[in-house]
Structure formats: C-alpha cells, structure tokens
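Each remark here refers to the structure printed beneath this line.
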Amino acid sequence: MFKLFNNKRLFILLITLVTFIVLMGFSLGQRKTLSWPENFLRDTTGFVQKLFYKPAGYVAGFFQDIGTLNELAEENKKLKILAAQYARDKAQLNFIKADNEKYAKALKFTEAQKKLYNYDYLIANVVSVTTEPGNNTLVIDLGAKDGIRLNMSVTSVEGLVGVISNVSNFTSTVKLMTMMDSKDPNSQPPISATAVNKEGKTFGMIESYDQQTGMLLMNKIPVGDPIAKGDMIISSGGGGMYPRGMTIGKVEEVKVGQYGFTSTAIIKPAAGFQDWKELLVVYTEERVE
12 MFKLFNNKRL
22 FILLITLVTF
32 IVLMGFSLGQ
42 RKTLSWPENF
52 LRDTTGFVQK
62 LFYKPAGYVA
72 GFFQDIGTLN
82 ELAEENKKLK
92 ILAAQYARDK
102 AQLNFIKADN
112 EKYAKALKFT
122 EAQKKLYNYD
132 YLIANVVSVT
142 TEPGNNTLVI
152 DLGAKDGIRL
162 NMSVTSVEGL
172 VGVISNVSNF
182 TSTVKLMTMM
192 DSKDPNSQPP
202 ISATAVNKEG
212 KTFGMIESYD
222 QQTGMLLMNK
232 IPVGDPIAKG
242 DMIISSGGGG
252 MYPRGMTIGK
262 VEEVKVGQYG
272 FTSTAIIKPA
282 AGFQDWKELL
292 VVYTEERVE
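In the numbering used here, the protein residues as written are 12 to 300.
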C-alpha cells in the first residue's frame with residue numbers, strides 16, 4: 012500500500028515536471044500569436060483597467076478644465092481692462108496734442124487737475140437690471156468697501172454707460188444714460204463733450220436721451236463748430252463730473268437750431284445698454300460730486 016502511494020507521488024511529480032518543461036519551452040519559443048490563456052488574461056486585465064482608468068481620466072480632465080476656465084476668466088478680465096485703457100490712452104494722446112497746439116508754453120497744473128485726469132478701472136459684475144419706464148438702472152457687486160462713491164462714471168468696453176447713483180457697503184446702483192432728460196430735475200448732470208481729433212475746436216453738452224430713436228442729443232454746439240457726421244464723441248472733462256476721454260458715441264446727424272445760434276448733434280451711443288455681465292467703474296482719487 013505504501014509502495015502504491017509512493018508510486019503515485021512519483022507519478023504526479025513526474026507529470027508536473029514534464030508540464031513545467033513543456034510550458035517553459037512554449038513560453039521561450041518564438042511565437043507570432045498568444046495562447047488563449049494569455050489572451051484571456053490580457054483582455055481581462057485591459058477591461059478592468061478601462062473600467063477604472065477611463066472614469067479617473069474624466070475626473071482628472073474635469074478638474075483640469077475647471078483650472079483652464081479660471082485662467083481664461085482672469086485673462087478675459089485683463090483683456091477687457093486693457094481694451095478700455097487703450098481707448099482711454101488714445102483719447103489722452105489726442106488731448107495732449109491739442110494742449111500742445113493750444114499752449115506755446117508749459118502750463119502749471121494744480122494737483123487737483125492732475126488727479127482728475129488720472130483714473131483707473133475696477134471690474135464689476137452686474138447683479139440685477141431694472142428696465143421699468145423712468146427707472147433704467149442696474150446693480151453691481153462693488154460698494155463703499157471697494158472705494159465706490161456717488162457720481163463715479165461707469166463704462167463698458169464699448170463706451171460710457173452711466174453714473175453711480177446709490178452706494179451701499181457691498182453693492183451700488185448705476186443710473187444709465189438712457190435716463191438723461193434735460194427737463195427732469197432728478198436726471199444725471201449733462202456731459203461736457205468734444206470730438207476725437209477736434210479737441211479744443213468742438214464743444215457741446217449731452218443733456219438728454221431720445222427714448223423713441225435711442226439716440227443721445229448733444230446740444231449747445233456753437234455756430235461754426237467743425238463737428239460732423241461720423242465724428243467719435245468723447246467726454247471733455249469739463250465740469251468735473253465725468254473724466255475726460257470717455258467714449259460716448261458716434262455722430263449720426265447735425266441739425267441747426269431753430270434760431271441758427273447753436274446746433275444739435277444726434278449721437279448713436281457706443282454702449283449697447285443690454286446683456287451686460289461685467290462693467291468697469293472709473294475710479295478717480297478725487298471725490299467728484
């Protein structure tokens with residue numbers, strides 16, 4: 012009985028050894044295709060890896076996309092500021108040229124005058140918009156804590172939008188230019204304006220907005236003023252309310268007044284007055300009221 016048991020153990024050992032030798036030879040030999048156990052193992056491993064790696068890749072890609080969106084948002088803000096600064100710098104250059112032509116000698120500006128023409132931009136998000144008749148306003152997410160004050164100008168990348176009419180700690184109300192009415196005592200003050208490349212030669216006051224035509228009216232233009240259709244109108248800085256160089260709009264038509272002493276320019280606003288997500292508050296050091 013023990014002999015039979017020993018023979019079985021020997022037989023099993025022999026079979027195992029032969030199988031091992033065959034497998035070694037099979038594995039070390041040159042083959043063009045994989046065996047079915049190898050194919051099965053590889054396919055199973057690949058399927059499991061796919062189950063885990065693909066979702067993991069989606070998750071990693073999702074967070075990477077979020078980071079990319081944040082970077083794009085920051086770049087977009089910087090580009091908007093640069094675009095607004097470019098328009099400001101271009102207008103400032105024209106003013107400097109006009110001043111150099113007007114004055115033969117250097118002028119001695121006061122500190123208040125220097126600060127009046129030195130302004131920066133603060134990006135503000137639009138929180139809400141009110142389009143009720145007689146109450147065209149919007150609310151932005153900057154307030155007194157951010158240095159916002161009454162009567163600061165607000166602009167989009169395209170052009171002037173309005174002024175700050177109410178300030179709380181965290182938000183501010185912007186009264187749009189579409190509310191301008193020379194007959195309304197509660198309307199925002201008129202804008203002293205001139206034309207690009209005609210600074211020192213063109214002058215007028217933007218006092219009202221025509222609700223029917225969607226145009227701004229620039230009044231009190233003196234006789235002989237070179238203003239013409241196609242001129243780009245900007246703020247001149249007169250009166251201290253609006254910093255100079257703010258883009259307002261383009262002249263569509265110039266009409267002579269009833270008695271021929273002054274003219275009125277019909278101006279198409281540069282700003283669209285709709286679908287705003289972000290605006291720029293013109294930040295000045297001097298408190299202008």
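Note that the Cβ used here is the ideal one computed from N, Cα and C, for glycine as well.
Since the model is a prediction, treat every value here as computed from it, not as a measurement.
Contact belief for residue i with residue j at Cβ below 8 angstroms, rounded distance in angstroms
i      : j      : result
Thr275 : Leu228 : 6 angstroms
Asn136 : Lys231 : In fact, because the Cβ distance is near 37 angstroms, the residues do not count as touching under 8 angstroms.
Leu153 : Leu133 : 6 angstroms
Thr295 : Tyr130 : 5 angstroms
Val262 : Gly249 : Incorrect: roughly 19 angstroms between the Cβ atoms, too far for contact.
Phe284 : Thr189 : 6 angstroms
Leu291 : Ala95  : 5 angstroms
Buried or exposed by the 16-neighbour rule on C-beta atoms within 10 Å, applied to residue i
i      : result
Leu80  : exposed
Lys266 : exposed
Tyr270 : exposed
Gln199 : buried
Val29  : exposed
Gly215 : buried
Phe106 : buried
Arg298 : For Arg298, the predicted model reports a pLDDT of 45, less than 50, meaning its position is unreliable; a value from the coordinates is still stated below. Per the 10 Å Cβ criterion, exposed.
Thr184 : buried
Leu104 : exposed
Arg255 : buried
Leu21  : exposed
Where residue i sits in the DSSP three-state scheme
i      : result
Ala301 : Nothing in the structure corresponds to residue 301, since the chain is present only between 12 and 300.
Thr121 : In this predicted model, Thr121 has a pLDDT of only 47, less than 50, meaning its place in the structure is not dependable; the value taken from the coordinates is given anyway. In this structure, Thr121 counts as coil in the three-state DSSP scheme.
Ile217 : strand
Asp110 : helix
Lys231 : strand
Phe13  : For Phe13, the pLDDT reaches just 42, beneath the cut-off of 50, and the residue's location in the model is therefore unreliable, although a value from the coordinates is still provided. If DSSP states are grouped into helix, strand and coil, Phe13 belongs with the helices.
Asn162 : coil
Thr189 : helix
Leu5   : Coverage of the chain is limited to positions 12 through 300, which leaves residue 5 absent and any answer about it impossible.
Asn105 : helix
Leu28  : helix
Thr79  : helix
Asp131 : strand
Leu153 : coil
Proximity of residue i and residue j at Cβ, strictly below 7 angstroms
i      : j      : result
Asn177 : Ala155 : no
Leu161 : Ile175 : yes
Met243 : Val207 : yes
Gly158 : Val165 : no
Ser308 : Ala282 : Since the first and last residues shown for the chain are 12 and 300, residue 308 lies out of range.
Ile278 : Ala102 : no
Ala84  : Glu210 : no
Asn146 : Leu187 : no
Tyr220 : Met191 : yes
Pro201 : Glu218 : yes
Thr205 : Thr213 : yes
Gly260 : Pro280 : yes
> What are the start and end residues of each continuous beta strand (DSSP E) run of 3 or more residues lying completely inside the region 239 to 289, in chain order?
Replying inline: Inside the region 239 to 289, DSSP marks whole beta strand (DSSP E) runs of 3 or more residues at positions 243 to 246, 258 to 267 and 273 to 280, from first to last along the chain.
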